[in-house]
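Q: Got a structure here, written out as structure tokens. Questions coming.
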Amino acid sequence: ADVAVGGVGGEGHLDTACVVLLDLLYPNQCPCCHRKIPWNRYLCDMCQTLFQLPPDTFCPGCGKPVESCFCERGLAYDHAIAAALYQEPARSGILSLKRAESKNFAYACGEALGRMVIADPELLAYDLIVPVPMAKRKKKKRFFNPAEEIAREMSSATGIPLRADLLEDTGTGAAQHTLSAKERAANTGHFQIPQTADLTGYRILLCDDVLTTGSTMNRCAELLKSRGAAVVTAAAATTTPAQEDS
Numbered sequence: 001a002d003v004a005v006g007g008v009g010g011e012g013h014l015d016t017a018c019v020v021l022l023d024l025l026y027p028n029q030c031p032c033c034h035r036k037i038p039w040n041r042y043l044c045d046m047c048q049t050l051f052q053l054p055p056d057t058f059c060p061g062c063g064k065p066v067e068s069c070f071c072e073r074g075l076a077y078d079h080a081i082a083a084a085l086y087q088e089p090a091r092s093g094i095l096s097l098k099r100a101e102s103k104n105f106a107y108a109c110g111e112a113l114g115r116m117v118i119a120d121p122e123l124l125a126y127d128l129i130v131p132v133p134m135a136k137r138k139k140k141k142r143f144f145n146p147a148e149e150i151a152r153e154m155s156s157a158t159g160i161p162l163r164a165d166l167l168e169d170t171g172t173g174a175a176q177h178t179l180s181a182k183e184r185a186a187n188t189g190h191f192q193i194p195q196t197a198d199l200t201g202y203r204i205l206l207c208d209d210v211l212t213t214g215s216t217m218n219r220c221a222e223l224l225k226s227r228g229a230a231v232v233t234a235a236a237a238t239t240t241p242a243q244e245d246s
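Okay, so the sequence shown: first residue is 1 according to the numbering used here, each after it adds one.
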């Protein structure tokens with residue numbers, strides 16, 4: 001059960017007394033390794049270290065590990081930040097979100113990204129945080145959109161407003177994780193933005209749970225810029241090593 005409260009933003013997800021009672025019935029577990037953890041924690045101490053990577057681990061242009069940089073492809077987003085590598089224990093944390101087992105990893109990633117934004121005055125001055133959308137049928141099945149939960153925690157931590165209504169996934173595309181890199185790039189036509197949206201001059205943090213080939217972030221950034229966004233920075237909870245991008 002995702003029972004942790006508190007965090008960078010100082011706001012709990014549930015009333016504290018209620019959370020303590022729930023923890024007696026459903027002990028809080030680390031979503032990455034399933035160790036029992038205190039009711040007010042998102043991850044165990046060991047798994048929390050997945051966010052303690054050197055600051056030069058990821059390319060600030062594309063968000064990939066520096067040895068896997070693909071800035072030369074020509075990206076629609078302008079900059080990128082990433083909280084962790086998509087490898088154990090982060091991989092298990094992401095799977096806990098995709099299986100709707102717990103939101104704790106989303107909260108932990110949102111906090112980590114929030115700290116990165118707070119540490120950068122330029123990013124902290126951004127206007128909006130926008131999550132990559134999830135198709136309604138998928139969201140109904142999983143009960144929540146991981147990218148939106150991560151973005152909400154980022155918003156709570158930084159004070160930057162969240163807009164989860166700007167982008168839409170019509171649900172007509174194939175699941176990205178089933179496709180090759182080339183197929184992913186061609187499988188983004190199901191993302192849409194309202195014709196009436198006016199984002200002229202806005203600086204936007206575009207949030208997703210996993211950055212793989214960049215196709216989803218790229219397409220969503222294109223849509224935001226088509227409505228006037230001045231700068232789009234991709235904010236990925238995790239980013240994959242090169243060998244997983246094919």
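All residues carry an ideal CB built from backbone N, CA and C; glycine is no exception.
1) Which of the three DSSP states, helix, strand or coil, is assigned to Ala157?
2) Ends of the alpha helix (DSSP H) at Pro121?
3) Run the CB neighbour count on Pro194, radius 10 Å, all protein chains shown included, and call it buried at 16 or more, exposed below.
4) Are at least three pairs of beta-carbons, each pair with one atom in the region 68-81 and one in the region 19-38, less than 8 Å apart?
5) Should the region 194-208 be called in touch with the region 33-43, which here means at least 3 C-beta pairs below 8 Å?
6) Please state whether DSSP places Thr216 in a helix, a strand or coil.
7) Nearest-angstrom Cα distance between Leu128 and Leu162?
8) Pairing CB atoms from the region 49-66 with CB atoms from the region 80-99, are three or more of them under 8 Å?
9) My understanding is that Gly171 touches Ala125, with C-beta atoms under 8 Å, so please give their C-beta distance in whole angstroms.
10) Terminal residues of the continuous alpha helix (DSSP H) containing Ile118?
11) Taking 8 Å as the limit between beta carbons, can you name the residues of its chain near Ile94, skipping five residues before and five after?
12) With distances taken Cα to Cα, identify the nearest neighbour of Leu123 among Gly201, Lys64, Cys18, His79.
13) With a 10 Å radius around its C-beta and 16 neighbouring C-beta atoms as the bar for buried, classify Asp165 as buried or exposed.
14) Could you pull out every residue in the same chain whose Cβ sits closer than 8 Å to the Cβ of Tyr58, ignoring the five residues on either side in sequence?
15) Going by C-alpha to C-alpha distance, which of Ala84, Leu167, Leu75 sits closest to Asp56?
16) Does the beta-carbon of Ser215 have 16 or more other beta-carbons within 10 angstroms, so that it is buried, or is it exposed?
17) What is the rounded straight-line gap between the Cα of Lys225 and the Cα of Ser102?
A: With the structure as the only source:
1) helix
2) 121-124
3) exposed
4) no
5) no
6) helix
7) 6 Å
8) yes
9) The Cβ separation is near 35 Å, so there is no contact.
10) 104-118
11) Tyr86, Phe105, Pro146, Asp209, Val210, Ala237, Thr238
12) His79
13) exposed
14) What sits at residue 58 in the sequence shown is Phe, not Tyr. Within the same chain, Phe58 has close Cβ partners Lys64, Pro65, Val66, Ala80, Ile81, Ala82, Thr239.
15) Ala84
16) buried
17) 33 Å
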